[in-house]
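In the numbering used here, the protein residues as written are 239 to 512. By construction, the Cβ of each residue, glycine as well, lies at the ideal position given by its N, Cα and C atoms. Read the structure below first, then the notes.
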Ligand code: UTP
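Take a look at the structure:
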């Protein structure tokens, strides 16, 4: 069973400037609820009890969000509007939050390595809160992956099919299908040119990682932009141990892009109205 979930949340969120100048991208709302709260709720449902958040400068709003707010709660109680914060308070009461700061933004792999002190020597989930995943007809995506982890006890990445013109935005896998929706990864490549891509199966922001990934990340060289990529580390891991890819059930919204963010807001708003 995985008990801890890591949230790399230190990125600059440049695609949402100027909104993200003083507000973390992870606090942008989808239908009034911040993106990171959706992620934390998903991890809770997947039986995690510790949320390990990698933050950076200008991200204190995340810590404040997952903390009590006596004055506001008192005000809401007097106005009989406690329901407005109920979900958030439930989340706060049902798990622990730990934080560490990534001092330099040297990529997702570096952010995950920064989280090692919060995770220790155990397998853990990773949620990129700007990938909002919804599954209306069953378990959420991290819970689906946790089930697979319980069977195979190895690192797992979530994948989806994307258009070949979009492959250069993702890590892309070369894998062998071993059973329905599960692939054993032979290799992975970060942001390939479409003609170099080994498949159209792209990695999205959900992972379960075994702790050996930290040692590999320590020796993973930065790419030409100076970023340490988790894809490069998992590619090395796949050469010596089993790494799986899982085609998840559900919908993923790329809320790190304006288009995905707006689509998520419209879809979830319509769902709430129905
Ligand atoms: P993105 O590639 O979306 O980068 O990071 P970003 O900075 O958040 O957004 P843009 O591209 O500038 O608009 C994917 C995830 O990895 C985290 C981000 O917070 C996001 O959740 N990340 C990225 C870090 O925590 N640290 C980093 O150094 C880079």
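Burial of residue 484 is indicated by the presence of at least 16 other C-beta atoms within 10 angstroms of its C-beta. Contact check for residue 247 against residue 268 fails: the beta carbons are separated by 8 Å or more. For ligand 1, a non-hydrogen atom lies closer than 7 Å to the CB of residue 253.
Beta-bridge annotation (DSSP): residue 469 is not paired with any residue. Relative to ligand 1, the beta carbon of residue 356 is positioned no closer than 7 Å to any heavy atom.
Under the three-state reduction of DSSP output, residue 290 falls in the strand class. Take residue 320, set aside five residues on each side of it, and the residues of its chain with a beta-carbon closer than 6 Å to its own are 314, in chain order. Between the C-alpha atoms of residue 425 and residue 510 there is a straight-line separation of about 41 Å. About 26 Å separates the CB atoms of residue 276 and residue 405; that is not less than 8 Å, and the two are not in contact. C-alpha of residue 258 to C-alpha of residue 250: approximately 7 Å in a straight line.
C-alpha of residue 256 to C-alpha of residue 306: approximately 28 Å in a straight line. For residue 444, the pairing in a beta bridge is given by DSSP as 365.
In this chain, the alpha helix (DSSP H) harbouring residue 316 covers 308-316.
Residue pairing by DSSP leaves residue 474 without any beta bridge partner. Under the three-state reduction of DSSP, residue 257 is assigned to coil, being neither helix nor strand. Under the 8 Å Cβ criterion, the stretch 376-388 does not count as touching the stretch 464-476, having fewer than three qualifying pairs. For the 8 Å CB-CB criterion, residue 442 and residue 398 form a contact.
A heavy atom of ligand 1 is found nearer than 7 Å to the CB of residue 368. Taking the Cβ of residue 259 as the reference point, every heavy atom of ligand 1 lies at 7 Å or farther away.
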